[in-house]
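Asks: The numbering used here puts the first residue of the sequence shown at 730, with every later residue one more than the last.
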Amino acid sequence: MVSLFDILGPVMVGPSSSHTAGACRLGLMARAVLGGTPERARVRLHGSFAATGEGHGTHRAIVGGLIGLAPDDLRLRQAYEEAESAGLKWEFEEVDLGEDAHPNTAIFEVERDGERVQLRGASVGGGRVEVTEVDGFAVSLGGGYHTLVLLAHDEPGTIAVVAGTLASHGVNLATMRVDRTGRHQDALMTIEADEPIPGAALDEIRAFPWLRWARCIEKIS
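1. Nearest to ASP801 by CA position, among ALA903, HIS882, THR749, is which residue?
2. Take the Cβ of HIS913 as the centre, count every other Cβ of all protein chains shown within 10 Å, and call the residue buried at 16 or more, exposed below.
3. Does VAL865 come out as helix, strand or coil in the three-state DSSP assignment?
4. Report the rounded CA-to-CA distance for CYS945 versus HIS875, giving the unit in angstroms.
5. Straight-line CA distance for ALA815 to ILE796?
6. Cα separation between GLY893 and GLY786?
7. Mind checking who HIS882 pairs with in its DSSP beta bridge?
8. Would VAL900 and ASP932 qualify as a contact pair, given that the criterion is a beta-carbon distance under 9 Å?
9. Counting C-beta neighbours from all protein chains within 10 Å, is the total for GLU823 16 or more, i.e. buried, or is it exposed?
Printed below as a string of structure tokens:
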């Protein structure tokens, strides 16, 4: 169902809900999955993002999101200066992902403290976003829930253990998805929850021996 807020669009720094607010949210998502503000970011823009993004403030919005600025933060207009102060080095490139790709698609490669994450997502209208890929794993994340993203070794019972840990801390799960490279290989788990993920629950999950990393994405839309 389309709400009145979908029609009016989000509270934001303009000019475009798709090219500015959505772009900022994609940057926020990439930052959250990495675990903080990147030291370096390479962003490839497809379609409409590539063609009109600079004029619509897309580049500044993405950079602002990467350093943690919200779509309604007036500092987005000075995002480049804020990012330089935060130590972020960034570059933009144009890419042709084919006719099947959403015209407002961006691919992020972000690095921090020796860790690197690749994320693909699109601004789908009204400031809403959809992240469809993290490090080559298929996901479907929109930022509308408190989200936990985990990379782990695929072992029997891991899903139940993670779900049980969250339940023991009073977290109600909205969605859960797992994608893996193969049996007993790497698996990416994404969990969307109605409540914020408590720090104690995250600490317990991070202590599991089969876990490589876990990141929380706070609700952003």
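Ideal placement from N, C-alpha and C gives every residue a C-beta, glycine not left out. Just so you know, these numbers come straight off a predicted model, no measurement behind them.
Replies: Taking the geometry as given:
1. As a working note, residue 801 is residue 72 in the sequence shown. Nearest C-alpha to ASP801: THR749.
2. The count along the sequence shown starts at 1 and reaches residue 913 at position 184. By the 10 Å Cβ count, HIS913 comes out exposed.
3. Numbered from its first residue, the sequence shown carries residue 865 at position 136. Per the sequence shown, residue 865 should be read as Gly rather than Val. If DSSP states are grouped into helix, strand and coil, GLY865 belongs with coil.
4. Walking along the sequence shown from the start, residue 945 turns up at place 216. Walking along the sequence shown from the start, residue 875 turns up at place 146. Spanning the two alpha carbons is a distance of roughly 7 Å.
5. Here residue 815 corresponds to residue number 86 of the sequence shown, with the count starting at 1. Here residue 796 corresponds to residue number 67 of the sequence shown, with the count starting at 1. Computed Cα separation, rounded: 7 Å.
6. Counted from its first residue, the sequence shown places residue 893 at position 164. Counted from its first residue, the sequence shown places residue 786 at position 57. Rounded to whole angstroms, GLY893 to GLY786 spans 43 Å at the Cα level.
7. Taking the sequence shown and counting its residues from 1, one reaches residue 882 at position 153. Answer is ASP915, bridged to HIS882.
8. By 1-based counting over the sequence shown, the position of residue 900 is 171. By 1-based counting over the sequence shown, the position of residue 932 is 203. Cβ atoms of VAL900 and ASP932: not closer than 9 Å.
9. Against the sequence shown, residue 823 aligns to sequence position 94. Looking at its Cβ environment, which holds fewer than 16 other Cβ atoms inside 10 Å, GLU823 is exposed.
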